[in-house]
Amino acid sequence: MRQRVVVIGGGGTGAALAHDLTLRGLAVTVLERGELTSGTTGRHHGLLHSGGRYAMTDRQSAVECVQENRILRRIAPGSFENGGGLFVAVTDDDADQRDEFVDACAESGIPTRLLSRSAALDAEPGLSPDVRLAVQVPDATMDAMRLPLRFFATAQRGGAVLRPFTEAVTFVSNGRSITAVVARDHMAGRNVAVPADLVINAAGPWSGRVAAMAGAEVPIRPSPGVLVAVTGRWCTHVVNRLHKPGDGDIVLPQRGLSVVGTSSWTVDDPDEVRVSSEHVRAILREGMRLVPAVGAASMRAAWAAVRPLIGATGSDASGRTLSRTFRCFDHAADGGADNLITITGGKATTLRSMAEATADIACAKLGVTTPCRTRDAVLLPHTAYYTSAEVGA
Ligand SMILES: Cc1cc2nc3c(=O)[nH]c(=O)nc-3n(C[C@H](O)[C@H](O)[C@H](O)COP(=O)(O)OP(=O)(O)OC[C@H]3O[C@@H](n4cnc5c(N)ncnc54)[C@H](O)[C@@H]3O)c2cc1C
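Everything in the sequence shown is counted per the working numbering, starting at 40 for the first residue and increasing by one.
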């Protein structure tokens, strides 16, 4: 009998966990309350970070991003549009940060290339005429849903059971050990008990709620941000502003659209998030300073997603100073259940490494010695998600 791991949360983190744990020989079930990737993952900006955005202010996150950027390109060929990224100075103050930025990138392992004003405009003609200089980095873009689907497809082919529309509602315990997760199957309209030797809480901004089901606490600070899509691809690069991360300072192409983002604030309830017209206006105003055409283009959509940042309740009202790194919590150590682990924080770019760190802890607890193989195992295409269950059966 293979040991059974139940993963709660079918976002990018849950997807990468299902893949990692399946490769290590465990019997994995993923419970997702909505459609797969219907939480934060399916609504993010679509930026495969080079780490440049965090190099000056959040070094650990910058290093994690550049390392994973390289690995993901290797294991998910064809999933990224490699237009590259530009950090663009549009004021003298921005230009003054050039050396600090380039040094911080070098110390984080992020390759850069300095472009003069004219070289920047040649490379990206849609840039503002205010551009002083630009620094090129290996950013790329991706489809927010399709990359995680590649992990899900590969896990499913390996035997993982994926249960969308199935919401974990409570735990059945024997002493300090969880023996089953009781979940509401929203399709069938009934509760099911899913037996577990170990449970991983990968519920992103909802991970505080899931941990509370076992009487455990995690210092999670849900931090929403608004994104705005306008019609037309007004740039081919990921255009970032050369300054410390702020609102409306990234414009990138996605299919026939340009997506501008984002803003940042903190909330107590990740389900209570509104898109305010004030944020939309501010994002477009700032985005226009980088790529003026986005200001004149017709707006196609505006939406919000919630970052699962690590931070105590009440800390930092904007969420900007909270790190984008991730943490695993083994609840055996903090009074929760002995066989419950929470993974939270991080980025869509770092989904694989988040899963590796969590799966290492899970395997140590279960006595499994099989090493992680996800750095090199090439993923199935996203389309295999729709067929891999039948093929694997
Ligand atoms: C505006 C914005 C833009 C961003 N842009 C980028 C970007 O361009 N690049 C990048 O790398 N990162 C980006 N991020 C960060 C990235 O989107 C997140 O870090 C990542 O998607 C989190 O994935 P996750 O799987 O941990 O969480 P989620 O995707 O939220 O997954 C958690 C899942 O748990 C499910 N769930 C909750 N409760 C239960 C329950 N009781 N039972 C079952 N399921 C449950 C939810 O429905 C959800 O699907 C952005 C974030 C925001 C907010």
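Backbone N, C-alpha and C define an ideal beta-carbon position, used for all residues, glycine too.
Around the beta carbon of R320, a 10 Å sphere encloses fewer than 16 other beta carbons of the protein chains shown; the residue is thus reported as exposed. S167 and A268 have their alpha carbons spaced roughly 19 Å apart.
DSSP places A227 outside both helix and strand once states are collapsed to three, so it counts as coil.
In the DSSP annotation of this structure, the continuous segment of the beta strand (DSSP E) that includes D369 starts and ends at 365–369. Between G123 and H276, the CB-CB gap stays under 8 Å.
In the structure shown, G300 adopts extended strand secondary structure according to DSSP, grouped into three states. Under the criterion of beta carbons closer than 8 Å, A128 and L160 do not qualify as touching, at roughly 13 Å. Between T422 and L186, the alpha-carbon positions lie close to 11 Å from each other. Beta-bridge analysis with DSSP links L201 to V69.
Between G50 and F204, the gap from beta carbon to beta carbon reaches 8 Å or more.
Leaving aside the five residues that flank V314 on each side, the residues in its chain whose CB is nearer than 6 Å to its CB run, in chain order, V265, A341, A343.
Buried is the label assigned to D286, since at least 16 other Cβ atoms lie within 10 Å of its Cβ.
H58 is a Cβ neighbour of F190, given a cutoff of 8 Å. When secondary structure is reduced to three states using DSSP, R152 falls in the strand class. Bounds of the alpha helix (DSSP H) holding L186 are 185–196. Between the region 380–391 and the region 255–265 there are three or more C-beta pairs closer than 8 Å, enough to call the two in contact. Per DSSP, G384 is one residue of the beta strand (DSSP E) stretching across 379–384. If you draw a straight line from the Cα of L379 to the Cα of V69, it comes to about 15 Å. For the pair R92 and R229, the Cα-to-Cα distance works out to about 45 Å. T422 has its CB no nearer than 7 Å to any heavy atom of ligand 1.
Secondary structure at G264: strand, using DSSP grouped into helix, strand and coil.
Take the alpha-carbon of P261 and the one of R359: they are about 12 Å apart. In the structure shown, N121 adopts coil according to DSSP, grouped into three states.
If you look at M338, you'll find it in the beta strand (DSSP E) that goes 338–349. The closest CA to that of L329, considering only V46, T96, L125, L65, is found on L125.
Ranked by how close their Cα comes to the Cα of G247, the residues P309, A143, S303, G271 have P309 in first place.
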